[in-house]
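Trainee:
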Amino acid sequence: MRFPTPDNRAPRFNRKEQFRLVMLCVALLFVIVAMRKVSQPESWNWLIPPENADGPVAAEEDQVVITLEGKPTDEASGASDGKQSLSTELSPLLNEEDKKQITDDYLGLKQEEQALFQRVVTQLADTDRGVLQLNANREGAYQVWMAETDVWRGELIEFEANAKRIVSRAAEEGESNRRYDLWVTTSGSGAMPLHVVTAGLPVDCPTGESLDVPLRIIGTVYKREGYSAQGGLRTTLMIAAAPPTLISGAAPHPTQNIVPLMMAMSLILSMFILYSLWKTFQTAFKPATVRPLRFDNDDETDPDFSRLEGVEVDIDVTGEPVIQPPIDDHEEAPPRDS
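Last residue of the sequence shown: 337 in numbering that gives the first Met the number 0, with the numbers rising by one and none dropped.
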C-alpha cells in the first residue's frame with residue numbers, strides 16, 4: 000500500500016489577511032478613479048462661487064447688485080458707410096480720481112464703485128473692437144496683474160481664456176439692459192478663475208455651468224475682488240470687458256461619451272483581476288486532504304489480516320521485522336536477545 004505525503008506547507012496569508020489585501024486593491028481602484036476625475040477641468044467647479052450662495056461673511060450695507068446701462072453692442076455690426084473715418088484713439092477708461100475710489104481686496108463692489116464700474120463696462124461695449132485691439136496690451140499675465148493691480152488698473156489688456164461658467168442676468172429696468180458674469184481661467188492662472196463682467200456675448204456662445212469655451216477677451220483690470228467659494232473666501236481679479244469673441248480653430252473638447260466606456264472597461268478589468276487573485280489564493284492556501292488508501296488488488300476492498308493471526312511482529316535492532324512463532328499458553332516464552 001502507498002501513503003500520500005501530506006502537504007505541510009504553511010500558508011503565507013490567512014483569510015483575514017487575504018480580505019485586507021483585496022480591500023487594498025479596491026481602495027487603490029477608487030483612488031485611481033478619483034485622480035482621473037479631479038484631473039479634468041470640469042471638476043474644478045468648487046473654486047467658482049455658486050450662484051446666489053450665502054457666504055460666511057455677511058454682506059455690508061454698501062454692497063449692491065451691479066446693473067449696466069445701455070444695450071449690448073452687436074459684434075458684427077459696424078459702420079456701413081465706407082467713407083466714415085474711424086478714430087484709433089481711445090479715451091482713458093479710468094483717471095487718477097477714479098482709481099482713488101476703488102478699494103482692493105473687498106467682497107464685491109462698494110456703493111461708490113457701482114456707477115464707475117457701469118460706466119467702464121458701457122464704454123468698452125460701445126467702442127469699436129478694432130480700436131480696442133489697436134490699443135490693447137498683450138504682454139501681461141495673471142501673476143503680474145495680481146501683484147501689480149495698481150499699475151494695470153485702467154490699462155486695456157487682451158488675453159485668451161477658457162470660460163468655465165457664464166451667467167446671464169437682466170437688470171431691473173428691462174431685459175435689454177443685461178450683463179454677463181464670466182468665470183474664466185487662463186494659462187497663467189491655472190485653476191484660479193478670473194471674474195469677467197461684460198455687456199454682451201457672441202451669438203454662438205453657450206451659457207451655464209461646467210463649460211470650457213475658449214474666448215478672446217479685451218478689457219481692463221478693475222480691482223482685486225474677494226468672493227465666497229465652497230473652499231472659503233478667495234481673492235481674484237474683477238475685469239470689466241467688452242463683449243468677447245470665440246476663438247476659431249480651437250481644439251475640440253473630447254466627447255464625454257468615451258469617458259463612461261473607459262470607466263466601465265476599467266471596472267470590469269479590475270473585477271477580473273480581483274477575482275483571479277481570489278481564486279489564486281483559494282487554490283494556494285487550500286488545506287491538505289488525506290486520500291484513501293490504495294491497494295494493489297483493486298478487487299479487494301478491505302485488507303486481509305487473516306495471515307497475521309497468532310503471529311507477533313517484532314522489530315529487531317537492525318530495523319528489520321522479526322516474526323515470532325505463536326506462544327502457547329502452557330509454555331514459557333523463550334528469552335529475547337538483548
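The beta carbon of each residue, even a glycine, is placed where N, CA and C say it ideally should be.
Computed from a prediction, not measured in an experiment: that's the story for all the values here.
(1) Which stretch, first to last residue, makes up the alpha helix (DSSP H) that contains I31?
(2) Just grab the DSSP bridge partners of A240 for me.
(3) Our contact map puts D238 next to R215 with C-beta atoms below 8 Å; I'd like the distance itself, whole angstroms only.
(4) Check T387 in the structure and name its three-state DSSP category.
(5) Would you mind reading off the limits of the beta strand (DSSP E) that contains L123?
(6) DSSP three-state call for I267: helix, strand or coil?
(7) Let me know the secondary structure DSSP gives T185 once reduced to three states.
(8) Which residues in the same chain have their Cβ closer than 8 Å to the Cβ of T148, if we skip the five residues on either side of it in sequence?
(9) Run through the DSSP bridge pairs and tell me what V143 is partnered with.
(10) When the Cα of T121 is compared with those of G199, V30, Q132 and F280, which residue comes out closest?
(11) Between R19, A241, G225 and R168, which has its C-alpha nearest T206's C-alpha?
(12) Note down the Cα distance separating V32 from V143, rounded to an integer number of angstroms.
(13) Would you kindly report the start and end of the unbroken alpha helix (DSSP H) that includes V202?
(14) In three-state terms, what does DSSP make of G230?
(15) The alpha helix (DSSP H) that contains L210, what's its start and end?
(16) E138 by DSSP, collapsed to three states: which one?
(17) Drop a sphere of 10 angstroms on the beta-carbon of V150, count the other beta-carbons inside from all chains shown, and report buried for 16 or more, exposed for fewer.
(18) Inspect the CB distances between the region 185-202 and the region 131-146 and report whether three or more fall short of 8 Å.
(19) Could you tell me which residues DSSP puts in a beta bridge with A225?
(20) Return the residue from the list N161, L276 and Q229 that minimises the CA-CA distance to P243.
(21) Consult DSSP for E95 and reduce its assignment to one of helix, strand or coil.
Mentor: Based on what the coordinates show:
(1) Counting from 1 along the sequence shown, the entry for residue 31 is found at position 32. It spans R14 to V37 - the alpha helix (DSSP H) in which I31 sits, taken as one unbroken run.
(2) By one-based count along the sequence shown, residue 240 stands at place 241. A240 is bridged to G218.
(3) As a first step, residue 238 must be located in the sequence shown, where it is residue number 239. As a first step, residue 215 must be located in the sequence shown, where it is residue number 216. With the sequence shown as reference, residue 238 is identified as Ile, and Asp is not the correct amino acid for it. I238 to R215, Cβ: 13 Å. No contact.
(4) For the chain, the structure presents residues 0 to 337; residue 387 sits outside this window and is missing.
(5) Within the sequence shown, numbered from 1, the residue matching residue 123 stands at position 124. Premise fails: L123 lies in the alpha helix (DSSP H), Q110 to D125, not in any beta strand (DSSP E).
(6) The residue you call residue 267 lines up with position 268 of the sequence shown. In the structure shown, I267 sits in a helix (DSSP, three-state: H, G or I).
(7) Looking up residue 185 in the sequence shown gives position 186. Coil.
(8) In the sequence shown, the residue the question calls residue 148 occupies position 149. Within the same chain, T148 has close Cβ partners D103, V220, K222, R223 and L236.
(9) As a working mapping, residue 143 is identified with position 144 in the sequence shown. By DSSP's assignment, V143 forms no beta bridge with any residue.
(10) Along the sequence shown, read from residue 1 onward, the residue named residue 121 stands at position 122. Restricting attention to G199, V30, Q132 and F280, the CA atom closest to the CA of T121 is found in G199.
(11) As a position in the sequence shown, residue 206 is number 207, starting the count at 1. The shortest Cα separation from T206 among R19, A241, G225 and R168 belongs to R168.
(12) As a first step, residue 32 must be located in the sequence shown, where it is residue number 33. As a first step, residue 143 must be located in the sequence shown, where it is residue number 144. Distance between the alpha carbons of V32 and V143: 36 Å.
(13) Here the question's residue 202 lines up with position 203 in the sequence shown. Where V202 is concerned, there is no enclosing alpha helix (DSSP H), given that its DSSP letter is neither H nor E.
(14) Residue numbering aside, residue 230 sits at position 231 when the sequence shown is read from its first letter. Coil at G230, not helix or strand.
(15) Sequence index remark: in the sequence shown, residue 210 carries index 211 (1-based). Counting along the chain, no alpha helix (DSSP H) covers L210, and no H or E run does either.
(16) Here residue 138 corresponds to residue number 139 of the sequence shown, with the count starting at 1. Three-state result, E138: coil.
(17) For the purposes of this step, residue 150 is taken as residue 151 along the sequence shown, with counting starting at 1. So V150 ends up on the exposed side.
(18) The region 185-202 and the region 131-146 touch, with no fewer than 3 CB-CB distances between them shorter than 8 Å.
(19) Stepping through the sequence shown from its first residue, residue 225 is reached at position 226. Per the sequence presented here, residue 225 reads as Gly, with Ala not at that position. Paired residues: L106 and T234.
(20) In the sequence shown, residue 243 corresponds to position 244, counting from 1. Residue N161 is the option with its Cα nearest to P243.
(21) Walking along the sequence shown from the start, residue 95 turns up at place 96. Taken through DSSP and simplified to helix, strand or coil, E95 comes out as helix.
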